[in-house]
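**Q** Protein chains in written order, with my numbering: chain A, 5 to 308; chain B, 89 to 563.
Take a look at the following structure, please.
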Amino acid sequence: MGLPMSKGEIVAGCLAPHPPHLVYAENPEQNEPTAEGGWEQLRWGYERLRASLADVEYDAIVLLSPHWQTYIGTHFLGLPSFKSLSVDPVFPNLFRYHYDLNIDVELSRQIHDRAHEAGLAVKMMENPDFRVDYGTITTGHMFNPAWDKPLVVVSSNRSRDYYSVEVMQEMMMELGRVTREAILASGKKVVVLASNSLSHRHFTTESAIPEDMSKEHITSHAMHLWDMRMIEYFRSGQAQRILDEMPEFTEQAIAESDGGGLSWLLSTLDIPKYPGILHGYGTIIGTGNAIVEWPERLHTEASE
Amino acid sequence: MSTGELVGSYIVPVHPHTVLAADQNEGWARLRDAFGEAAQRIKDSEADLLIIYSTTWPSIIGHQIIADPNPEWVMVDHDFHDLGSIPYSFNIDEQFAHAWNKANQKRGLKSRTVAYHGFPIDVGSVVALKLLNPDNAIPAVIVSSNVYANRAETTVLSKACMDVVRATGRKAVAVTAMSLSNRMFTKHIDPKDDKIHSLKDDEWNRKILEFLSEGRLEDVGQLSRTIHQQIRVNKVVAFKPMWWLSGMNQNRNNLTGEVLAYEAVHGAGAAVVHLDPAESGAGDKEYDEDDVEYFAGERNVLDAQETVDDVSEEASKLRSVETNGPELWEPTDKGESVNSQAAPKPVGAYPHARRVGDLLYLSGVGPRQPGTNAIPGGPIHDSDGVALDYDIKAQTHAVVENITRILEEAGGSIEDVLDVTSFLVDMDRDFKGYNEVWAETLGHVGPTRTTLAIRALPTPIAVEMKVIAKAPSLE
């Protein structure tokens, strides 16, 4: 790709959804509500993902969350640490999490600068009172509950809302390209996480016991078919087909890929042709969620 | 004895510029001044409750209502974090919040209160309360905007709110925190370069404001879907606050409107608008969308069997209140009887009216609606006799409308009414509201009138009128 030689590496890219129900069900000490379990298929999926990377060394996690929604370009957390209480405005009964996380400001700045040079609207977020969104925290916790790796947190530019899925994808492909360049140039080993669900039609009622799994299922057969179609592409190394079908998938499955995370992830991974590893699939309040790992470290040709 | 009412409505913009950066742009400063003018008007109205419906607080599980009596935090906008932070400490009326929540559920809505430390009050609500209620003198309540709610659900939300306003005797102000056109510039701009994003957005905004300045709130409500398609970026919440605000104002189209400011905030249309409930003098327009009293929509997907039954049973029970009472009869047709398909069926063997010489004698007319038998403003008790809150003004309006239909069936009009005997089941509670509607309607016609307090009427209604009218010429 004409890049300078460096030791930077993307060890893995993952689709890592963020419904707060997963943290709620885990009962970590940081979260105030307590649960009687629930959503085990997905939580076991996260266990498998963590196990897959347990022996892999890496320096930082780069994460794009659709719940830090920005309309004026893409933003990056730009201070070394953030510590506060995150309360989900939609499910406050489930998620009131005391977080304390560190940011790799250097890598954030490097991606920011390359994006700026590429003509994308970008901004560093340097207000110490800023509260980190619950999507970032949920994915951050489920992927790395020890919180012992610094993060780069990337906002979700809502260009799909302003223009179209096609324009969103075009911008996210460019952001992914510069993200990859910045990581490879940084000399760091990095895991890249796109924090989004697949089909994203919610139930609008909630069980008296939110973790009552007898009530959990996909909202419709059509959503299931779309989710399975995407998963088949994940598992068979057909990333380009995912991108090709992104407009139809996003619109017909009301998919959370509208936030750009999945397109950005696949671009950051240079549109992988090798199979992704499906660690888990399950529904959360009717939405479809898959935990998928693209182990780029095992497919070095992808980064050469 | 007091009856609650809405003493004013305001539309205000959501972005933090008016709080944090009003000095950076003349338009933002004018918006800030308009907020100040609105705050003074609210104070002068002696309002004792601010009700905020915010488009920047989306919800999924029905509607959520802040019930923390003193939420405190520091708000930073997701986009405009470089403008600074807004510390807040608000005075929330938790009792009203809980009562509204119950009223929502009673009308078939999914609803819950939120009272968690650290709950993130949304930017629209923070801006509204900071600038409309800077000293926290007036207790407030904040409701979310449901992502999936349609017009019916949003209208019922407003009706449930007004149930509580009336039942608690509050003087309330309704506020929608919202943009008009919401398309912002997608790149950073110098504050001095701010303008409405496009000419098309500006033209639509001005048309909306023209309607509002004429007090035509319901017209804007009925145009909401079109407005959303034309000038709204499809963020999570559609242009539905006008549904709520119109519902809060009984879907009226003859309010007194005033645009206090209209400016751009990073390209979006930002306006401060005051809608006074005083009649503007314009004729009220036809209300041509379905009016919904109870919501029995699709809030039952998850808990399929159980919840469908629960919701349906509750809604059915509530609806049945409207039909509880004696059996309905077909009107009799002896002599020169006058009967109308557009009037509610009698509860006994009698006609709607009977002509004798030059006079028309109408049977007692109540507010029940023809066809559905529904009672505008709600029944006064349920089928078990449990008292319910109701709206005497809505009932009185409906009575006058039924009288009009019968007279028009006879070939006359409401202008022919000569003498009225009115019956109220609760004179202390209802005379004021009944009398106001009278003044707006039959008061202009000028019939003689006698108002009596009685113990009960055959159906669960609060008002009935017995009318003698001039009969139209038979020639």
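For each residue, glycine too, the CB sits at the ideal point set by N, CA and C.
Could one say the Cβ of P93(A) lies closer than 7 Å to chain B's Cβ atoms, at least one of them?
**A** yes
**Q** Thinking just about the alpha-carbon of each residue, which of L363(B), E367(B), P146(B) and V353(B) is nearest to the one in P96(A)?
**A** Selected option, being the one with the closest Cα: P146(B).
**Q** Mind pulling the chain A residues with CB within less than 9 Å of F123(B)?
**A** The premise fails here: F123(B) is roughly 23 Å from chain A at the closest Cβ pair, so nothing lies under 9 Å.
**Q** From the DSSP output, in three-state form, read off F184(B) for me.
**A** helix
**Q** Report all residues from its chain with a CB closer than 8 Å to the CB of L540(B); omit the five preceding and five following residues, and keep chain order.
**A** T509, S510, F511 and L512
**Q** Given a threshold of 16 other Cβ atoms within 10 Å of its Cβ, counted over all protein chains shown, does L302(A) qualify as buried or as exposed?
**A** exposed
**Q** Could you name the residues of the region 76 to 109 of chain A whose beta carbon sits closer than 7 Å to any beta carbon of chain B, in the order they occur along the chain?
**A** I76, G77, L89, V91, P93, V94, P96 and R100
**Q** Looking only at its chain, what residues have a beta carbon closer than 7 Å to the beta carbon of L343(B), apart from the 5 residues adjacent to it on each side?
**A** G303, L305, N337, L363, D364, P365 and S368
**Q** Is there at least one Cβ from chain A nearer than 7 Å to S147(B)'s Cβ?
**A** yes
**Q** Select from the region 267 to 291 of chain B all residues with a C-beta closer than 8 Å to any C-beta belonging to chain A, and list them in chain order.
**A** R271, M272, F273, T274, K275 and H276
**Q** I believe V448(B) touches A498(B) by the beta-carbon criterion, under 8 Å. Please report the beta-carbon distance rounded to the nearest angstrom.
**A** The question names Val, yet the displayed sequence has Leu at residue 448(B). 6 Å between Cβ atoms; contact.
**Q** Nearest chain B C-beta to T291(A) closer than 7 Å, yes or no?
**A** no
**Q** Using a Cβ-Cβ distance cut-off of 7 Å, determine whether K558(B) contacts chain A.
**A** No, its Cβ sits nowhere closer than 7 Å to a Cβ of chain A.
**Q** Can you tell which of S85(A), P214(A) and T287(A) has the C-alpha that lies nearest to the C-alpha of H22(A)?
**A** Looking from the CA of H22(A), the closest CA among S85(A), P214(A) and T287(A) belongs to T287(A).
**Q** What does Q242(A) touch in chain B if you count any residue whose Cβ is under 8 Å from its own?
**A** Residues of chain B passing the Cβ test: none, with the nearest at roughly 29 Å.
**Q** Who are H116(A)'s beta bridge partners in DSSP?
**A** When beta bridges are read from the DSSP output, H116(A) appears opposite no residue.
**Q** Within 10 angstroms of the Cβ of W417(B), are there 16 or more other Cβ atoms? Answer buried if so, exposed if not.
**A** exposed
**Q** Would L297(B) be called buried (16 or more neighbouring beta carbons within 10 Å of its own) or exposed?
**A** buried
**Q** I502(B) to D262(A), Cα distance in whole Å?
**A** When rounded, the distance between both Cα atoms is 57 Å.
**Q** Mind the definition here: the region 129 to 138 of chain A touches the region 77 to 93 of chain A only if three or more C-beta pairs lie below 8 Å; say whether that holds.
**A** The region 129 to 138 of chain A is in contact with the region 77 to 93 of chain A.
**Q** Our contact map puts M129(A) next to G191(A) with C-beta atoms below 8 Å; I'd like the distance itself, whole angstroms only.
**A** With a Cβ gap of about 24 Å, M129(A) and G191(A) do not count as contacting.
**Q** Taking only beta-carbon positions, decide if E410(B) is within less than 7 Å of chain A.
**A** Because the pLDDT at E410(B) is just 45, under 50, the model does not fix this residue reliably, and the value given afterwards should be weighed accordingly. It does not; no Cβ of chain A falls within 7 Å.
**Q** What are the residues in the region 164 to 177 of chain A lying within 8 Å of chain B by C-beta distance?
**A** D165 and Y166
**Q** H105(B) versus chain A: which residues are under 8 Å apart at the beta carbon?
**A** None at all; the shortest Cβ gap to chain A is about 13 Å.
**Q** Where does the unbroken alpha helix (DSSP H) through Y28(A) begin, and where does it stop?
**A** H25 to E30
**Q** Of all the options A122(B), V100(B) and T106(B), which has the alpha carbon lying nearest to the alpha carbon of T143(B)?
**A** V100(B)
**Q** Under a Cβ-count criterion, where at least 16 other Cβ atoms within 10 Å of its own Cβ denotes burial, should K87(A) be classed as buried or exposed?
**A** exposed
**Q** So R200(B) is in the beta strand (DSSP E); what residue range does that whole segment cover?
**A** S199 to V202
**Q** According to DSSP, is H79(A) part of a helix, a strand, or is it coil?
**A** Looking at H79(A) - three-state DSSP - the assignment turns out to be strand.
**Q** What does H206(A) reach in chain B if we use C-beta pairs closer than 7 Å?
**A** The contacting residues are I148.
**Q** What does the alpha-carbon distance come out to for the pair D307(B) and F327(B)?
**A** Distance between the alpha carbons of D307(B) and F327(B) is about 13 Å.
**Q** Compute the Euclidean distance between the alpha carbons of H25(A) and E415(B), then round it to the nearest angstrom.
**A** C-alpha separation (whole angstroms): 52 Å.
**Q** If you draw a straight line from the C-alpha of G290(A) to the C-alpha of T209(A), how long is it?
**A** 10 Å
**Q** Please state whether the Cβ-Cβ distance between I173(A) and M250(A) is less than 7 Å.
**A** Residue identity check: residue 173(A) is Gln in the sequence provided, not Ile. The answer is yes: Cβ separation under 7 Å.
**Q** Who are the near neighbours of L348(B) in its chain, counting only those whose CB is closer than 7 Å to its CB and skipping five residues on each side?
**A** A122, E125, A126, V360, V361 and H362
**Q** Short of 7 Å in beta carbon distance, which residues of its chain neighbour D290(B), apart from the five on each side in sequence? Order them along the chain.
**A** Only residues of its own chain outside the window of five on either side were considered, and among them I284 have a CB closer than 7 Å to the CB of D290(B), listed in chain order.
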